[in-house]
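All you need for our numbering is the position in the sequence shown, starting with 1, plus 5. Every residue gets a Cβ at the ideal spot worked out from N, C-alpha and C, and that includes glycine. Written below as structure tokens is the structure these notes are about.
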Amino acid sequence: MPAAPPLPLELCFFVAQYLRNSDVKSLRLVCKDFWGKFHLRLDRVFLSANPLNIEVFRSIADHDTFRRGIVEIIWDDARLGGDVRSNEQRELEDNLGYYLSSDDDDAAEMEAARSIDGAPRWYKILCRQSIADLNRRSRIGRNRPATQARLRQLVEKLPSTESWKYYKHLWEQQQQALDHGADAEA
């Protein structure tokens with residue numbers, strides 16, 4: 006990394022206040038001197054039941070500079086929904102009586118969740134609905150960069166079995182964080 010021309014710290018602060026955080030980040034990557042003089046302005050942090058979110062929250066809380074700038078903590082209470090138990094696990098638990106509902110409801114629920122490739126039908130239906138919504142919305146502003154990015158994501162989307170495995174992993178992480186109270190502890 007090349008060395009920067011010597012700039013007074015006051016001048017660095019003055020310049021930094023007019024830059025976007027993305028520009029400050031780029032400037033910090035230019036040289037070591039800028040890395041130490043220009044700091045990102047973080048005034049709010051997000052916290053949810055996601056382990057990565059909790060880790061980032063704790064890192065900011067443990068950082069002397071970033072911690073001082075935080076004026077708002079935003080609690081994201083959105084949860085991944087759905088029952089990610091396998092059909093076999095559902096049948097076993099239903100037969101053991103862990104979930105109280107009528108036998109007709111259990112049978113219909115298990116039948117609706119069956120799928121050939123491992124991803125439950127409810128998940129596939131929701132994926133198709135999301136893709137249809139994205140396609141509908143993308144017709145409005147096709148030339149906008151954000152729309153172009155969404156269209157690329159649609160083209161490069163994961164197969165439903167891979168997507169389901171990833172969703173299931175995220176759901177299990179969320180449940181573990183909630184069960185252990187890691188989000189509240191942070």
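query	result
Segment contact flag, the stretch 37-52 with the stretch 74-86, C-beta cutoff 8 angstroms, min 3 pairs	yes
Residue range of the unbroken beta strand (DSSP E) whose run includes R195	The chain is shown only over 6 to 191; residue 195 falls outside these bounds and no answer can be derived.
Residue closest to H44, alpha-carbon to alpha-carbon, out of H185, P56 and T70	T70
Between the CA atoms of Q179 and D109 - distance to the nearest angstrom	Model confidence at D109 stands at a pLDDT of 48, short of 50, so the residue's coordinates are unreliable; what they give is reported in the following sentence. Approximately 30 angstroms, taken between the alpha carbons.
Where K205 falls, given that 16 or more other Cβ within 10 Å makes a residue buried	What is shown of the chain runs 6 to 191, which leaves residue 205 out entirely.
Three or more C-beta pairs below 8 angstroms linking the stretch 126-144 and the stretch 159-178	yes
Boundaries of the beta strand (DSSP E) in which E161 is found, first to last residue	Per DSSP, E161 belongs to no beta strand (DSSP E) and is neither H nor E.
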